[in-house]
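Student: Have a look at this one before I ask anything.
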Amino acid sequence: MSLKGKHIVLGVTGSIAAYKSALLTRLLIKKGAEVQIVITPAGKEFITPVTLSALSGKPVISEFFASGDGTWHSHVDLGLWADLMIVAPATASTLGKMAHGIADNMLITTYLSMKAPVFAAPAMDLDMFRHVTTQRNLEILRKDGVQIIEPAEGELASHLEGKGRMEEPEKIAAILEKFFTQGTELDKIKILITAGPTYERIDPVRFIGNFSSGKMGFALAEECAARGAEVLLITGPSSLSLSHPRIRRVNVESAREMHAAALQAFPGMNAAILSAAVADYRPETVAEHKIKRTEGEGITLTLTPNPDIAAALGAMKRADQLLIGFALETDDEEPNALRKMEKKKLDFIVLNSLRDKGAGFGHDTNKVTILSRNGEKQSFELQTKRETAKEIIDTVFIGDGHLSRISCS
Ligand code: PMT
């Protein structure tokens, strides 16, 4: 009864895979969950509400008002009641409506009122699934915090073979179970994460910066929050967005602003992960007006060192706090990373090298080696930044029993 007492809203839409939602309902109930089904008008063409209400033990909701007595079905109440919402099967149409907030049926209004985490298991023909529009909508939903359960490959309703089959109910139930057990691993843990580049102003229109996109730090923030942590994300300029309710985002521009925000927050944190690419130097003076170009003449900028945020946090770190830094290297990687870990008093350092294709700045992927103060070393293959974030969290918090050290205060 691993889902005992969990309130799950199951959204069913108009796909041939709707028959699988009956099996999913049974599995969730067997594992102890209470299931409230919300079905779209098209969903009812594929499976009857009678079947679903018999399995869930609750009337299936489809319309805004009950046809008999005109009672209003409150999507707001459902949003508060649920511990989790899953849309399975999720058609291309429903995914599009979710991504753009087109609230023309009860399922979408419920989604828009949802306070709990949302999952979606797409089901459609392979060409519809790989269409740029569907992929764009899925990307929007991922950024909005919806967890997409990838469809499987196999024979589709069209008799074509390819990716688009809704994942099997047993696997979906297992994913939801894992979510509830795993989602609490970092419960009550407060984690500070720095991300992105810093911009150091030269004049009102120019700055010194670097190529960091923020992807690595944002992936860490999402992963920590998904596992139950309260995250404070201090980020330099980045076009990325996130919406997890357990992530508080503070935007800064320069290294000095990031330094001030991090130092102020750190005493109240259990851990800090410093993935930002902080400018080591800034112009000594910032011109008040735009520096004019003078034909044939160069200009000289004098740079002055910025504060080292990692070293400052290392110096003030308590025994019940964990400090994890990154090292971005181009040569002599491991010795440089070890030196940085020592100098900045870090517990772990995550090394990525610009010599590895697909690693470092801007990519959706990274390839890292995690080095610990105790002399341990773990190297990982090239994988997405979210997967890299998972490995980092598993290594620094779950492995080695560090979690009990930082959470016992
Ligand atoms: O943002 P992305 O495009 O996803 O790219 C990710 C990344 C490449 C930026 C990230 O994976 C990474 O490697 N971040 C650290 C980059 C860096 O500045 O490394 P460093 O070796 O110069 O710094 C070592 C450590 O000290 C880092 O934890 C850094 O945050 C910290 N530092 C550095 C300078 C400074 N003044 N203050 C600091 O806190």
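Residue numbers (the numbering used here): 2 to 410.
Even glycine gets a Cβ: it sits at the ideal position worked out from N, Cα and C.
Using DSSP with H/G/I as helix, E/B as strand and the rest coil, what is Arg-356?
Tutor: Note: Arg-356 maps to coil in three-state DSSP.
Student: Regarding Ser-354 and the ligand PMT, is the C-beta to nearest heavy atom distance less than 7 Å?
Tutor: Not so, every heavy atom of the ligand PMT lies at least 7 Å from the Cβ.
Student: What residues in its chain sit with their C-beta under 6 Å from that of Asn-138, if we drop five residues either side in the sequence?
Tutor: If we look at Asn-138 and ignore the five residues flanking it on each side, its Cβ neighbours are Leu-96, Gly-97 and Ala-100.
Student: So Gly-315 packs on Leu-347, CB below 8 Å; how close in whole Å?
Tutor: Yes, Gly-315 and Leu-347 are in contact; Cβ-Cβ is about 6 Å, under 8 Å.
Student: From this set, Thr-41, Val-147, Asn-211 and Glu-168, which residue's C-alpha is nearest Gly-155's C-alpha?
Tutor: That would be Glu-168, whose Cα lies nearest to the Cα of Gly-155.
Student: Please return the same chain residues whose Cβ sits closer than 7 Å to the Cβ of Met-107, not counting the five positions on each side in sequence.
Tutor: So the list reads Val-39, Ile-62, Ser-63, Glu-64, Phe-65, His-74 and His-76, once near-sequence residues are dropped.
Student: Go through its chain and collect everything with a Cβ distance to Ala-104's Cβ below 7 Å, but skip five positions before and after it.
Tutor: Answer for Ala-104: Thr-110 and Leu-113, listed in chain order.
Student: Apart from the five residues just before and just after Asn-252, which ones in its own chain have a Cβ nearer than 7 Å to its Cβ?
Tutor: Around Asn-252: Thr-236.
Student: In three-state DSSP terms, what is Leu-241?
Tutor: If DSSP states are grouped into helix, strand and coil, Leu-241 belongs with coil.
Student: Compare the beta carbon distance of Gly-163 and Ala-124 with 8 Å and say whether it is the shorter of the two.
Tutor: Not in contact: Gly-163 and Ala-124 (Cβ atoms no closer than 8 Å).
Student: What residue from Arg-294, Lys-341 and Thr-331 has the CA that sits closest to Ala-312's CA?
Tutor: Closest by alpha carbon: Lys-341.
Student: If you draw a straight line from the C-alpha of Pro-50 to the C-alpha of Asp-78, how long is it?
Tutor: Roughly 21 Å separates the two Cα atoms.
Student: Where does the unbroken beta strand (DSSP E) through Gly-69 begin, and where does it stop?
Tutor: Careful: Gly-69 lies outside any beta strand (DSSP E) and carries neither H nor E.
Student: What is the rounded straight-line gap between the Cα of Asp-145 and the Cα of Ile-300?
Tutor: So the two alpha carbons sit approximately 45 Å from each other.
Student: Based on the DSSP secondary-structure assignment, which residues constitute the bridge partners of Arg-250?
Tutor: Partner(s): Leu-234.
Student: By how many angstroms is the C-alpha of Pro-118 removed from the C-alpha of Ser-276?
Tutor: Using only the alpha carbons, I get a separation of about 26 Å.
Student: Taking contact to mean 3 or more Cβ pairs, one atom from each stretch, closer than 8 Å, check whether the stretch 86-96 and the stretch 51-61 are in contact.
Tutor: Result no; under three Cβ-Cβ pairs closer than 8 Å.
Student: Could you tell me whether any non-hydrogen atom of the ligand PMT is closer than 7 Å to the CB of Val-1?
Tutor: Beyond the ends of the chain as shown, which are 2 and 410, falls residue 1; an answer cannot be given.
Student: I'd like to confirm something about Pro-246: is its beta-carbon nearer than 7 Å to some heavy atom of the ligand PMT, or not?
Tutor: Not under cutoff, so the answer is no.
Student: Is it buried or exposed for Ser-214, if we count other Cβ within 10 angstroms and need 16 for buried?
Tutor: Buried, by the Cβ-count rule.
Student: On a Cα-Cα basis, can you pick out the residue from Leu-157, Ala-272 and Gly-218 that is closest to Met-129?
Tutor: Of Leu-157, Ala-272 and Gly-218, the residue nearest in Cα terms is Leu-157.
Student: Answer yes or no: does any C-beta atom of chain B fall closer than 8 Å to that of Leu-142?
Tutor: Going by chain labels, chain B is absent from the structure shown, which holds only one protein chain.
Student: For Lys-291, which option in Lys-116, Phe-208, Leu-24 and Ile-9 has the closest C-alpha, if you only look at C-alpha atoms?
Tutor: Of Lys-116, Phe-208, Leu-24 and Ile-9, the residue nearest in Cα terms is Phe-208.
Student: Between Lys-116 and Gly-80, which are expected to be in contact by the criterion C-beta below 8 Å, what is the C-beta distance as a whole number of angstroms?
Tutor: The pair is a contact, with the Cβ atoms about 5 Å apart (cut-off 8 Å).
Student: Would you tell me roughly how many angstroms separate the C-alpha atoms of Ala-227 and Lys-293, rounded to the nearest one?
Tutor: Cα to Cα, the separation comes out at about 49 Å.
Student: Can you tell me the Cα-Cα spacing of Leu-243 and Tyr-200, whole angstroms?
Tutor: So the two alpha carbons sit approximately 21 Å from each other.
Student: Output the distance between the C-alpha atoms of Pro-308 and Ile-9, rounded to the nearest integer angstrom.
Tutor: Their Cα atoms are separated by approximately 48 Å.
Student: What residue range is occupied by the uninterrupted alpha helix (DSSP H) comprising Ala-104?
Tutor: Looking at the DSSP string, Ala-104 is not in any alpha helix (DSSP H), and its letter there is neither H nor E.
Student: Can you determine whether any heavy atom of the ligand GTP sits closer than 7 Å to the C-beta of Ser-405, and answer yes or no?
Tutor: The ligand content of the structure shown is limited to the ligand PMT, which means the ligand GTP is not among them.
Student: Given 7 Å as the limit, tell me if Thr-195 has its C-beta closer than that to any heavy atom belonging to the ligand PMT.
Tutor: Within the cutoff, so yes.
Student: Which residue wins for smallest C-alpha separation from Ala-288, given the options Val-206, Thr-26 and Glu-335?
Tutor: Answer by Cα proximity: Val-206.
Student: Determine the direct distance from the alpha carbon of Arg-202 to that of Pro-336, and round the result to whole angstroms.
Tutor: Their backbone Cα atoms lie some 32 Å apart in a straight line.
Student: Mapping the DSSP letters down to three states, classify Val-397 as helix, strand or coil.
Tutor: Helix, per DSSP.
Student: Alpha carbon to alpha carbon, what distance is there between Phe-219 and Asp-333?
Tutor: So the two alpha carbons sit approximately 27 Å from each other.
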